[in-house]
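These protein sequence lines are chains A and B, in that order.
Oh and the first sequence: position 136 is 162 in our numbering, straight run, nothing missing.
Oh and the second sequence: position 132 is 158 in our numbering, straight run, nothing missing.
Note that beta-carbon positions come from the ideal geometry of N, C-alpha and C, so glycine has one too.
Since the structure is predicted, the reported quantities are computational estimates derived from the model, not experimental observations.
There are 2 protein chains.
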Amino acid sequence: MPELRKDPFSSRWIVIAPEYAPGIYELGRVGAAVADPLFSRPPASCSLCPENEVHTPPEVYALRPHDGPAAAANSPGWALRVIPHKFPVLRVEGDLSPRAQGVYDHMNGIGAHEVIVETASHDRQMADLSPGEIEPILHAFRQRLLDLRRDTRFRYLSVFKAHGQRAGAGFGHSHSQIIATPFVPQGVLDKIAALHGHRDARKRCLMCDIARQETEDGLRVVHDNGAFVAFTPYASRTPFETWIVPLSHAPMFEDDNGRYGPLATILSVILRKLRAALSDPSYILNLHNAPCADPDNHFHIEIRPVLGRSIPVPWGSGTYVNPTPPEDAARYLREIES
Amino acid sequence: MPELRKDPFSSRWIVIAPEYAPGIYELGRVGAAVADPLFSRPPASCSLCPENEVHTPPEVYALRPHDGPAAAANSPGWALRVIPHKFPVLRVEGDLSPRAQGVYDHMNGIGAHEVIVETASHDRQMADLSPGEIEPILHAFRQRLLDLRRDTRFRYLSVFKAHGQRAGAGFGHSHSQIIATPFVPQGVLDKIAALHGHRDARKRCLMCDIARQETEDGLRVVHDNGAFVAFTPYASRTPFETWIVPLSHAPMFEDDNGRYGPLATILSVILRKLRAALSDPSYILNLHNAPCADPDNHFHIEIRPVLGRSIPVPWGSGTYVNPTPPEDAARYLREIES
Numbered sequence: 027m028p029e030l031r032k033d034p035f036s037s038r039w040i041v042i043a044p045e046y047a048p049g050i051y052e053l054g055r056v057g058a059a060v061a062d063p064l065f066s067r068p069p070a071s072c073s074l075c076p077e078n079e080v081h082t083p084p085e086v087y088a089l090r091p092h093d094g095p096a097a098a099a100n101s102p103g104w105a106l107r108v109i110p111h112k113f114p115v116l117r118v119e120g121d122l123s124p125r126a127q128g129v130y131d132h133m134n135g136i137g138a139h140e141v142i143v144e145t146a147s148h149d150r151q152m153a154d155l156s157p158g159e160i161e162p163i164l165h166a167f168r169q170r171l172l173d174l175r176r177d178t179r180f181r182y183l184s185v186f187k188a189h190g191q192r193a194g195a196g197f198g199h200s201h202s203q204i205i206a207t208p209f210v211p212q213g214v215l216d217k218i219a220a221l222h223g224h225r226d227a228r229k230r231c232l233m234c235d236i237a238r239q240e241t242e243d244g245l246r247v248v249h250d251n252g253a254f255v256a257f258t259p260y261a262s263r264t265p266f267e268t269w270i271v272p273l274s275h276a277p278m279f280e281d282d283n284g285r286y287g288p289l290a291t292i293l294s295v296i297l298r299k300l301r302a303a304l305s306d307p308s309y310i311l312n313l314h315n316a317p318c319a320d321p322d323n324h325f326h327i328e329i330r331p332v333l334g335r336s337i338p339v340p341w342g343s344g345t346y347v348n349p350t351p352p353e354d355a356a357r358y359l360r361e362i363e364s
Numbered sequence: 027m028p029e030l031r032k033d034p035f036s037s038r039w040i041v042i043a044p045e046y047a048p049g050i051y052e053l054g055r056v057g058a059a060v061a062d063p064l065f066s067r068p069p070a071s072c073s074l075c076p077e078n079e080v081h082t083p084p085e086v087y088a089l090r091p092h093d094g095p096a097a098a099a100n101s102p103g104w105a106l107r108v109i110p111h112k113f114p115v116l117r118v119e120g121d122l123s124p125r126a127q128g129v130y131d132h133m134n135g136i137g138a139h140e141v142i143v144e145t146a147s148h149d150r151q152m153a154d155l156s157p158g159e160i161e162p163i164l165h166a167f168r169q170r171l172l173d174l175r176r177d178t179r180f181r182y183l184s185v186f187k188a189h190g191q192r193a194g195a196g197f198g199h200s201h202s203q204i205i206a207t208p209f210v211p212q213g214v215l216d217k218i219a220a221l222h223g224h225r226d227a228r229k230r231c232l233m234c235d236i237a238r239q240e241t242e243d244g245l246r247v248v249h250d251n252g253a254f255v256a257f258t259p260y261a262s263r264t265p266f267e268t269w270i271v272p273l274s275h276a277p278m279f280e281d282d283n284g285r286y287g288p289l290a291t292i293l294s295v296i297l298r299k300l301r302a303a304l305s306d307p308s309y310i311l312n313l314h315n316a317p318c319a320d321p322d323n324h325f326h327i328e329i330r331p332v333l334g335r336s337i338p339v340p341w342g343s344g345t346y347v348n349p350t351p352p353e354d355a356a357r358y359l360r361e362i363e364s
């Protein structure tokens with residue numbers, strides 16, 4: 027019997043239907059996903075590689091562990107580098123000029139679009155990096171968030187990572203992105219509204235309630251390192267969706283920098299488990315944060331593998347059919363060495 | 027300069043960014059989309075083909091133009107046939123048994139899932155059918171909607187069509203689907219709320235306002251046959267998204283059966299234009315209807331081509347980047363003979 031489970035944040039009902047696509051269910055269980063080759067481009071023509079700094083806009087942040095004369099900005103020697111996107115989705119220069127167009131609403135496409143080059147090495151993906159190498163990426167996110175927040179035109183800063191062609195990644199070289207928008211995405215507004223509603227009605231944080239129930243239950247827990255818990259959400263939209271949530275209430279990512287060490291560690295564990303379970307799947311990673319300092323928010327990371335065309339599509343209106351019960355995905359991921 | 031346009035129904039901002047992906051933009055313009063072969067299965071092993079009726083559940087509706095002794099139910103001779111899905115997403119038998127699971131909400135996966143086999147011919151897609159052959163499909167939708175509405179467990183009836191593998195179609199044989207759910211999908215609730223909000227504030231129907239503005243403007247109109255207008259919506263989520271809207275207020279699809287003739291005609295025109303423009307693209311077609319008779323609703327059909335991996339993905343939280351301005355898509359589609 028299929029199940030209907032309501033996502034407490036979006037109020038959407040998700041169908042958990044293992045019988046609907048038995049082949050796909052099996053695929054998730056035995057880790058036989060069709061491999062999705064990365065965008066292949068040799069380092070010489072990769073604009074994210076060292077020695078090719080001239081092909082990118084000037085860097086806005088970089089980590090150069092061995093400072094010295096060879097470590098000038100926009101030259102090799104960096105371990106991590108943040109640059110504006112060469113073909114940005116939104117443009118930094120200009121005014122919003124919001125206006126009506128008859129019944130419609132229009133603004134100029136003002137925003138920022140940056141690329142965090144996570145490593146100088148062309149061939150090492152985030153799952154190959156040690157926690158000690160991932161932690162500086164989190165600090166780079168923080169630095170860029172703090173800087174971009176000063177631009178009063180921006181209402182939300184989306185931090186995300188697309189890995190693999192199926193997830194839409196345009197580079198094989200490991201990278202994340204930040205997009206600053208003059209509006210708060212509707213999905214974020216919905217989530218914040220759910221957190222506020224729960225606080226108003228019950229005087230508690232919805233995500234704290236969820237983290238507590240998940241750790242007590244254990245059924246959907248993939249990993250718990252004392253500071254963060256990783257679990258497959260109750261109403262997972264897609265197979266092997268995994269969330270990483272701070273165990274104690276933590277409104278904003280930027281303010282939790284004291285725990286970037288354990289966050290890097292659990293992120294590394296989860297990425298290696300997913301890679302082993304699903305043959306290096308494409309995935310999308312999103313950092314959920316609040317538009318501005320909000321005591322009701324509880325930041326977290328969502329990772330959704332993109333398993334290719336054989337997964338049934340949503341049939342419209344945002345209803346998802348997930349053939350892999352999150353309890354099965356969690357059990358499978360728990361058993362994998364990482 | 028990219029543009030930000032707000033979808034008046036979902037309140038989501040869409041980024042129209044032709045510079046972001048110039049190759050894709052060009053692709054849309056010149057119709058050079060990579061072909062997406064249909065699920066290939068010979069008629070002999072296609073369970074939707076005549077002579078294979080034994081491999082499907084018993085039909086719930088059929089059109090047999092030449093009635094006679096050879097036209098018994100579940101035997102060949104039909105022009106159109108509706109059957110329960112052999113592997114349904116939701117099951118008809120049982121109780122909903124809604125219950126809490128700690129902080130979460132759960133129901134049994136009760137619903138109905140039917141397949142409308144649109145033609146007896148294995149090789150003719152909907153774009154190959156004449157308006158006179160499409161009109162009975164619309165009447166079949168109506169018959170099934172009227173019948174399924176009598177089951178009080180169901181709160182919404184989703185009518186949709188997935189064409190092509192990229193859209194998730196599981197058969198190459200032309201078909202549509204109906205899924206009855208015990209909940210109203212969130213996307214439908216959002217749309218109905220926008221229609222109610224506009225009516226409350228302005229005493230007018232939002233979709234009537236839009237249809238009027240589009241026909242006066244003409245910029246985004248693809249085709250207008252006096253009863254229906256087809257246009258690319260102002261805040262198109264994806265390239266070549268096209269809506270078909272009744273020009274005079276029409277709350278419910280089931281009640282508009284007097285105009286299924288012109289609706290079939292414009293649907294045929296649009297499907298042939300899209301096929302010619304984009305090399306037979308995969309697409310998803312959704313019928314937007316209301317959960318129950320609602321004078322504020324204005325039914326319509328949404329068609330979204332699925333153009334494959336080269337289209338940039340949403341970066342999370344439901345924000346879409348569309349590289350093809352709907353005005354360009356409309357102009358291109360208008361110029362195509364159909």
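Residue i vs residue j beta-carbon contact at 8 Å
i      : j      : result
B:A88  : B:V118 : no
A:R181 : A:P208 : yes
B:E79  : B:H111 : no
A:L311 : A:I329 : yes
A:R301 : A:A153 : yes
Close-in-space but distant-in-sequence residues of the same chain around residue i (CB under 7 Å, 5 per side omitted)
i      : result
A:V255 : A237, E240, T241, V247, V271, L273
A:R125 : H132
B:P259 : E267, W269, P352
B:R225 : C231, D322
B:E161 : Y286, G287, A290
B:P83  : I109, P110, K112
Test: residue i CB closer than 8 Å to a CB of chain B
i      : result
A:Q239 : yes
A:I236 : yes
A:E45  : yes
A:W39  : yes
A:H199 : no
A:P34  : yes
A:Q212 : yes
Residues bridged to residue i [DSSP beta-bridge criterion]
i      : result
A:V214 : In the DSSP output, where bridge partners are listed per residue, A:V214 has none listed.
A:A269 : Residue identity differs from the one stated: residue 269 of chain A is Trp in this sequence, not Ala. Partner(s): A:F257, A:E328.
B:W39  : B:K32
B:L89  : B:L106
B:Q239 : BP columns for B:Q239 are empty, so no partner.
Continuous beta strand (DSSP E) stretch holding residue i: start and end
i      : result
A:Y286 : Not the beta strand (DSSP E): A:Y286 falls in the alpha helix (DSSP H), residues 286–304.
B:Q151 : Careful: B:Q151 lies outside any beta strand (DSSP E) and carries neither H nor E.
B:L359 : Run containing B:L359: none in the beta strand (DSSP E); it sits in the alpha helix (DSSP H), 352–361.
B:E264 : One point to set straight first is that residue 264 of chain B is Thr, not Glu, in the sequence displayed. No beta strand (DSSP E) contains B:T264, which DSSP labels as neither H nor E.
A:F186 : 182–189
B:N125 : Note that residue 125 of chain B corresponds to Arg in the displayed sequence, not to Asn. It spans 125–127 - the beta strand (DSSP E) in which B:R125 sits, taken as one unbroken run.
B:T345 : Note, B:T345: premise wrong, no beta strand (DSSP E); not H, not E.
B:H275 : Neither: B:H275 is in no beta strand (DSSP E) and is coded neither H nor E.
CB contact check: residue i to chain A, cutoff 8 Å
i      : result
B:K299 : no
B:L171 : no
B:G244 : no
B:K112 : no
B:E52  : Any reading at B:E52 must be qualified, since the residue scores a pLDDT of 49, below 50, and its modelled position is unreliable; the value itself is stated next. No, no contact with chain A.
B:Y309 : no
B:V129 : yes
B:F209 : yes
Cβ shell of residue i (< 6 Å), same chain only, five flanking positions each side left out
i      : result
B:R285 : A253
A:W39  : L30, K32
B:V210 : R181, Y182, P317
B:S364 : V295, R298, K299
B:F35  : K217, A220
Nonlocal neighbours in the same chain, by C-beta distance under 8 Å from residue i, ignoring five residues either side
i      : result
B:F323 : Checking the sequence, you will find Asn at residue 323 of chain B rather than Phe. Answer for B:N323: I218, L221, P277, M278, N315, A316, listed in chain order.
A:P76  : P102, G103, W104, A146
B:L172 : E280
Element boundaries [alpha helix (DSSP H), containing residue i]
i      : result
A:S136 : Reading the sequence as shown, one finds Ile at residue 136 of chain A and not Ser. Segment: none, A:I136 is in no alpha helix (DSSP H) and carries neither H nor E.
B:R246 : Element bounds for B:R246: n/a, residue is neither H nor E.
Interface flag, residue i vs chain C, CB-CB below 8 Å
i      : result
B:T345 : Here the protein chains are A and B, and chain C is not one of them.
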